[in-house]
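The structure under discussion appears below in the form of structure tokens.
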Amino acid sequence: MSFEKLDDTMMKTYPTKVYRKRKKAAMVNDPGEVKEIQANVRTIPGIITQRGCTYAGCKGVVLGPTRDIVNITHGPIGCGFYSWLTRRNQTRPENETSENFMTYCFSTDMQDSNIVFGGEKLLKDAIQEAYDLFHPKAIAIFSTCPVGLIGDDVHAVAREMKAQFGDCNVFGFSCEGYKGVSQSAGHHIANNQIFKHVIGNDDSRSDSKFRVNLLGEYNIGGDAFVLEELFEKCGIELVATFSGNSSIDHFANAHTADLNLIMCHRSINYVAEMMEVKFGVPWTKVNFIGAEQSAKSLRKVGAYFEDPQLISRIEEVIAEEMLKTDEAAAKYRPGTEGKTAMLFVGGSRAHHYQDLFAELGMKTLAAGYEFAHRDDYEGRRVLPSIKVDADSRNIEELHIEKDPERYSQALQDRKAALMEKGMEFSDYEGMMAQMEKGALVIDDISHYEMEKLVEVYKPDVFCAGIKEKYAVQKMGIPLKQLHSYDYGGPYAGFDGAVNFYKEIERMVNTNVWGLIKAPWSTQSAMSAKYARGKHAVASHT
Amino acid sequence: MSFEKLDDTMMKTYPTKVYRKRKKAAMVNDPGEVKEIQANVRTIPGIITQRGCTYAGCKGVVLGPTRDIVNITHGPIGCGFYSWLTRRNQTRPENETSENFMTYCFSTDMQDSNIVFGGEKLLKDAIQEAYDLFHPKAIAIFSTCPVGLIGDDVHAVAREMKAQFGDCNVFGFSCEGYKGVSQSAGHHIANNQIFKHVIGNDDSRSDSKFRVNLLGEYNIGGDAFVLEELFEKCGIELVATFSGNSSIDHFANAHTADLNLIMCHRSINYVAEMMEVKFGVPWTKVNFIGAEQSAKSLRKVGAYFEDPQLISRIEEVIAEEMLKTDEAAAKYRPGTEGKTAMLFVGGSRAHHYQDLFAELGMKTLAAGYEFAHRDDYEGRRVLPSIKVDADSRNIEELHIEKDPERYSQALQDRKAALMEKGMEFSDYEGMMAQMEKGALVIDDISHYEMEKLVEVYKPDVFCAGIKEKYAVQKMGIPLKQLHSYDYGGPYAGFDGAVNFYKEIERMVNTNVWGLIKAPWSTQSAMSAKYARGKHAVASHT
Amino acid sequence: MLLRHTPKEVKDRKALTINPAKTCQPIGAMYAALGIHGCLPHSHGSQGCCSYHRSTLTRHYKEPVMAGTSSFTEGASVFGGQSNLLQSFNNLFSIYDPDIVAVHTTCLSETIGDDVSQITQKAIDEGKIPAGKHVIYASTPSYVGSHVTGFSNMCASIAKYFPEKQDYELDQVNILPGWVEPSDMREIKRLMSEMHVPFVMFPDTSGVLDAPQTGFHQFYPKGGASVPDLKRSGASSFTFALGKFSSEAAGEELRKKCDVPYEVMEVPIGINATDRFLMKVSEVSGCPVPESINDERGRVVDIITDMQQYLHGKKVALFGDPDILIPLTEFLLAMDMKPVHIVSGTPGKYFMERMKEIMGDDFETGNVKNGPRADMFLLHQWIKNEPVDLIIGNTYGKYIARDENIPFVRMGFPILDRIGHSYFPVTGYAGAMRILDKMLGAIMDQMDREAPEEKFELVM
Amino acid sequence: MLLRHTPKEVKDRKALTINPAKTCQPIGAMYAALGIHGCLPHSHGSQGCCSYHRSTLTRHYKEPVMAGTSSFTEGASVFGGQSNLLQSFNNLFSIYDPDIVAVHTTCLSETIGDDVSQITQKAIDEGKIPAGKHVIYASTPSYVGSHVTGFSNMCASIAKYFPEKQDYELDQVNILPGWVEPSDMREIKRLMSEMHVPFVMFPDTSGVLDAPQTGFHQFYPKGGASVPDLKRSGASSFTFALGKFSSEAAGEELRKKCDVPYEVMEVPIGINATDRFLMKVSEVSGCPVPESINDERGRVVDIITDMQQYLHGKKVALFGDPDILIPLTEFLLAMDMKPVHIVSGTPGKYFMERMKEIMGDDFETGNVKNGPRADMFLLHQWIKNEPVDLIIGNTYGKYIARDENIPFVRMGFPILDRIGHSYFPVTGYAGAMRILDKMLGAIMDQMDREAPEEKFELVM
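Protein chains in written order, with the UniProt record's numbering: chain B, 1 to 541; chain Y, 1 to 541; chain L, 1 to 460; chain C, 1 to 460.
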């Protein structure tokens, strides 16, 4: 199928202006010659989009999974309500009494009087009440649309309350929904504030030898639990995960790690970058989605530490784990081989999950991100050439400097030496380089395009989110949510791969789609008209 | 309301023969001059009756509540199926592994070939299979209608299997459904066989001073649990209960008790009589339904043993328990005072529960038994004058003789001495002597009579069984089941009285009967015909 | 444990039935007779049978269940029940004024060889049956078949007695709904109305065993097939005999007596069986399946596709009556569920044949049994050997469900501990929705109860 | 514990809402707009709002929920959203071809003061709205009222826009069903048909948010109130505005615009509210309540009288929307249940007034609160102080239910973890049956689970 035909089908209804803009966001992939794709630009008004807002990216994605911060949404009730546990970030408190606010929704429930007269007093009272009720370690404030417009200074309030409490870290986020063009802006804002207010607050250091952070892993469906176990098996200490199954204490201590491993490049690369500048911690891209990639990522850690014992332990673990995944692949692959998938989701998942489909012998026909930037498609090499537009300029870029006392030159030296040997740091190749030639790449796919795509390509499974799920399924195609995993999972690591194989095999082979057509819709049912004795003569055509 | 009028209303539709017969079963009570009532006679064919059959009385009532006998129904599947736990005889095994077959239904599931060729082989195989599977202490066989007709000798089979096993007591019951005129015949048969095959098998004797059996208490709704606790509190040992919460081991040892206390005279007096003849254990009638009666019954035990410590302990317990019942009566009685009840149920409950209603200030308008004999109405004094008809003659009367070694003359001497002092033994005064003048007594009430009675008297609560429940409730009158307690209870003893007060208060005061009439059934609803502006003008008449 | 004596190891039994998955014929005959308006069932035997049947039906429906009994005593058992039955007729008609008395026999009257048809004739001859009144009769010895057989026999008697052969044909069909609930009969009638196909349904217990609370006990509630309708059923153009075990005999009687052609179809439970039923109705009547029904169907298929992840591969243990189990098994398989253990106490080779057809390979790997010793003790043992995710059956399943901590959906007869079965159908597409609602509820309730806190789901 | 930080001691809060029992206006406007056939809701604000609303509605219905957004960025927030909205109109009509676009505002567009009506006029003037197409609009700032208010506002807009005043009167009535489920709208329509009273219902999400699975995504499912019907509603003889909070405004608009008299009635949940509704329908139309409905009523009353022992005195905690809570409370009280803790986040004095009327003395002894800080945190604290036997509310109640081991019945918005709410009504007598089925099931399931073995019941 040629892109031309698809273009025709998929976008011909668009008004010219829309067509011109959307055309730049869709292309046939050629990994040998990665072309420029339009990404991280405004959603066209009136287009039905997958995207959410900055608040969602900040509160929902990055901070949501941390259990011991009281996250107060400052705004009308809706924003807090909708970000109340509607994603499946799992968390496992240390014990039965340790803090866990994940199940709570805190809001200032702004009323019109607050819009008119300002909401700072309300916010202060709310923070005070939260403090009095829970005495948490930290309180975070998330600004919603009207907060910025009416000029509430949440940062000033935060500072004031923090000073007043003494034993509670209070900090705010100017993550109004209208900032930026998607959730992505919210990630950036979250990264900044976490870096400013939390990371580096605790310099204590365990005496284990291999200490890493895992960045951009949100413990959807328990992914982080799987990876925690995997790292422990290998003898690697996870200092902090940003932010699946996390505690603010982990964040505070994260800068003492020896290496940052990045899963979701899009949502968290800012923290990695800043940590490297300030503390000298190198970062490298990993991917624990898929058995092969998980093995590769573990080996990367081994290579980094250059410790023979660690390396051999990692190989043992990989060998052991691959037994499980090989067995599962052998079991499920006959049901999936040759089938096709499409992925339109997130800022890294649309890329990572292609590896899992490959392990099932499934072809990825088309993929795209919801809120990624060009570097997530084309690789970080294009970073210098990305034009910073007005929307991106709104997002604060922190000016970070080397911490004179805590900067680790040793780690930087190690990085330099390893780079000599060909190890990659501070890089992400992007999705397009790894996708097949001829596959389709579409950024910020619209609902309209999605429907056309499904109609024309008829993939065996479509990966997206809840808003897309039932429209696609109405077309008789199963949709796998990769935001929430449809409340399945975990899918990370080796155990996760086994789960995913099984799940996809189920989805592409279930009988239920066969129930859709009623027999009378395809057969002419009526034959007799109460004609006795003719009942045995069926008129099936 | 005069009986004449009721007679008119209640029986006028009957054909003459039916009328003549039924008339003898219904009368206005005069406790001063108890008249002869017709009871324990055949149910008239075609009359819708409350009654069940002999099998039900034998297997369901008396043996059903014993947990450690494998009760095999020999017959077609239905009889076993229907007597499978459909009454609420509770049982509490000693521990988690001790025997409890109450939840099981065992049947030979006779097929037509067995009817033609005989079912003894089938029965033997079934007993063998039960033995192999469960190795129980005892297996009991219950004959259903066709068994007697085709001539299977269940007793011979039982003897043979018992001899073969050596460690398992096997015995049978010729309790075919057609024997006798009601469940009552089944009770008698059960009494006989238990006496023949079990009672007296274990002569061991605990060293407690006050040892009694409780007869005719079936642990409906946990009644026996309450009484067990009450007896323990008083320091009285319950050697055996027939048969609530019972084990066959208790039965085997029952003859070593000092006194038999009879709750349900109808179902169990045969065992008491036989135990007295053979072992010299005296019996006296008690009633633990109602606070007053419970106190009285406990005092009777005290009086029997003539032990000052026991008597004082009993008084302490009564004082303590009466606090609870007095408090409950004070709470609930304002809602029940002056209300009316009818009771048509069982062989003793229709009598005993009148005391509970009296404690609620409620009047019993009418009562009658389902399967009682004349002595249950008129008192045991009429026993000699009861004509033994063909149906009763069918039931074996065991010829019992004094056991030369185990007969207790001491107990008989004590009995004689106490009788001198006015204590009653071996007697039951019957229901009528205790009912108010003018109340109605009807034996074996028919469905037709019941409906008429409810229509005319409109009691506030009606007590009967499941077959009557919804017909009465359709008439807007709550029905309390006294066979199963509607899965409520316990109602025995002091704690039970509190439960009953509360339950009856609920039933006679609930609002739900007020929902029955739709507003349009009493108001003329239609006024306007789509006439604008008239909507405010209601036409309620 | 409630069923602490049930061992895991399965041993063949040849004589002892433990925890039966059936009961005896007469109760089925009683249930069927209640589906005729103005009909009073009468049990010819010991009064215990009648009492047990009335009690069980009452506990299942929480409704009055009226029926007479010949109240045999030993004398009658020896000398025959003729006198009892004659007396019964006299009393029943005098006191309760039924339009019809439907007599069924019991093991007792069958064993002694009472000839009810001869006795009835005698009653008629002696003028004991009032003019315009009817007596019908079915032979239902308890030692043959099961409650389902009894139902079938009474239906056959109805079909033998009332329908009148005509030389003209009416634009209507007969529906023999099989042993289903009043709610199901109501639902099948609704579907027929929606199809605009005139019909006579019998028996029809809707309006009888789900009678409204009116403050008045209507001895003969207004539901039930009427005598005129039953008579006209002989002129119908076709008979749908739903459920081979409960309806084939009646269908055949109608054919024999009145030449009405019939087809045995499955009780419309689940998508496929309902599809087939409606297709056939459409074929026979010439009435197309309307959009409204198509939409209902689409809605239930939508639930299935939406909820597939919670259904897929779930192992299910089933017990109950064959006419229900057959389409239910097909329905579960259509949703990728795995019915692995199935028992029915009702005998009949067709059950295994049809199950084999429906289940294909799953038949060989699963445990399926009916007839003698196909009981719940065996089912429980199977479950102990291969645990399941769900049990579907009548109330007696609750003991196994609790002991083994398995979600439990009540379906079948009797249901003694919940409401709903008489009000919400399990047949048709609406019924499929109900089944889904119940199954998903049971499965998800357990998930919610047992999930570790960190896995406790808000969205499912 | 899932909610381990909730203390038993209740302290007044004046600023912090914890675990709200409401959400914001726009989602209600979106839901209402989906009840018009061919209508595409449009959220004028940041794209996050639209995404959240679509997601929540989708999770609740497991159905596609289509809606546009003006996708504000910071620029639009500073300079006004006119350009975004004009662009949106153009794109919406070009790409999705709706008959109607129903715009609702958000806190963002309201705070910056966008005048949607003026922008719409501009679009019309500039020919950006194709001929024959409609744009309606509701002001729904998130910082006023609640999701219920948003629903009400969009209903009022529909009532302002479409109905046409006539000098003749049609023999029909308008039904404003209030914020209920598609199943409820379907049920109310069924009752009206059974009453033989012609009607126009709006909004009507049946056939939209319970669309059948067809193998095809129908962007505008065939349900929803049609434009011709909406127009004709101006000639109706009467308007039933069900639910003061969700329907009064629309009823009043209809009266103002077209002189259609109206009465605000309770959403027909439970016996009494349904009785009153049908009485009024009968009164207005002259059509008597038919026997079939009377029988339905009798059946549900029968369940209540049969099951009274399991309902009597059971303490219940409720949370949700006022129009649902009011008749639900009345229903529970009619069955001798005890609703002891009740919260609704939706503000409005009428709630407390009406509750006081319904509850009588129970109002003083119970805990009832609505408006700010009437949240689920408070409800949970109340429950800790006075435990209940049952919780009824939306899915968020499951945390409290699990922590406190209390049976839980899902009712309200949103229900994210079970099916059924869109298919089985809670309104009318059929709905009362559903509520009873659910309540009894929840209560009895717990009894069965927790009973000591010797108290485990076969019959209930």
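All C-beta atoms in this analysis are idealised placements derived from N, C-alpha and C, irrespective of residue type, glycine included.
| Check | Outcome |
| --- | --- |
| Along the alpha helix (DSSP H) that carries B:W283, what are the first and last residues, could you check? | Premise fails: B:W283 lies in the beta strand (DSSP E), 283-285, not in any alpha helix (DSSP H). |
| Suppose the cutoff is 8 Å on Cβ atoms and the five residues either side in sequence are ignored; what does the same chain contact list for residue 589 of chain Y look like? | This structure does not reach residue 589 of chain Y, given that chain Y is present from 1 up to 541, and the question cannot be answered. |
| Tell me the DSSP secondary structure of L:F199 in three-state form. | strand |
| Quick one: Cα of C:M195 to Cα of C:I293, how far? | 8 Å |
| Less than 8 Å between CB atoms is the rule here; does L:C258 satisfy it with respect to chain Y? | no |
| Once you ignore the five residues that flank C:M192 on each side, which residues in its own chain have a CB closer than 6 Å to its CB? | F199 |
| Based on DSSP bridge pairs, tell me the residues matched to C:H42. | C:G68, C:V103 |
| Check whether chain C comes within 8 Å of Y:H535, counting only Cβ atoms and requiring the distance to be less than that. | In this predicted model, Y:H535 has a pLDDT of only 40, less than 50, meaning its place in the structure is not dependable; the value taken from the coordinates is given anyway. It does; some Cβ of chain C falls within 8 Å. |
| Do you know whose CA, among L:M444, L:S233, L:L333, lies nearest L:I269's CA? | L:L333 |
| Nearest-angstrom Cα distance between B:F500 and B:A358? | 12 Å |
| Hey, C:V409 and C:N370: beta-carbon distance below 8 Å or not? | no |
| Under 7 Å Cβ-Cβ, which residues of chain B neighbour C:F216? | K474, M475 |
| Check the Cβ-Cβ distances between L:R186 and every residue of chain B, and say whether any is below 8 Å. | no |
| Which partner residues does L:G393 have in the DSSP bridge list? | L:R410 |
| Going by the DSSP bridge assignment, what does B:I395 pair with across the sheet? | Answer is none; B:I395 lacks a bridge partner. |
| Please state whether DSSP places C:E194 in a helix, a strand or coil. | helix |
| Across the stretch 291-308 of chain C and the stretch 442-458 of chain C, are there enough close Cβ pairs to call them in contact, namely three or more that are closer than 8 Å? | no |
| For the stretch 68-85 of chain B and the stretch 132-148 of chain B, state whether three or more C-beta atom pairs, one from each stretch, are separated by less than 8 Å. | yes |
| Is the Cβ-Cβ distance between B:G75 and B:G488 less than 8 Å? | no |
| What does a CB cutoff of less than 6 Å around B:N169 pick up in its chain, not counting 5 residues either side in sequence? | A138 |
| If we define contact as Cβ-Cβ less than 8 Å, is B:L63 a contact residue for chain C? | no |
| Identify the continuous alpha helix (DSSP H) that holds C:V284 and give its terminal residues. | 270-285 |
| Show which residues of chain Y have a CB atom less than 7 Å away from the CB atom of L:K398. | Result: empty, since nearest Cβ-Cβ is about 10 Å, beyond 7 Å. |
| Chain L beta carbons: is any one of them nearer than 8 Å to that of residue 542 of chain Y? | No information on residue 542 of chain Y is available, as it lies outside the stretch 1 to 541 that chain Y covers here. |
| Quick check on L:M307 - is its C-beta less than 8 Å from some C-beta in chain C? | yes |
| Below 8 Å on the Cβ atoms is my contact criterion, and I expect B:E276 with B:W283 to pass it. Report the Cβ-Cβ distance as a whole number of Å. | 6 Å |
| Can you list the residues of chain Y that C:L458 reaches, using a CB-CB cut of under 7 Å? | L85, T86 |
| State the Cα-Cα distance for the pair C:Y396 and L:M444, rounded to the nearest angstrom. | 15 Å |
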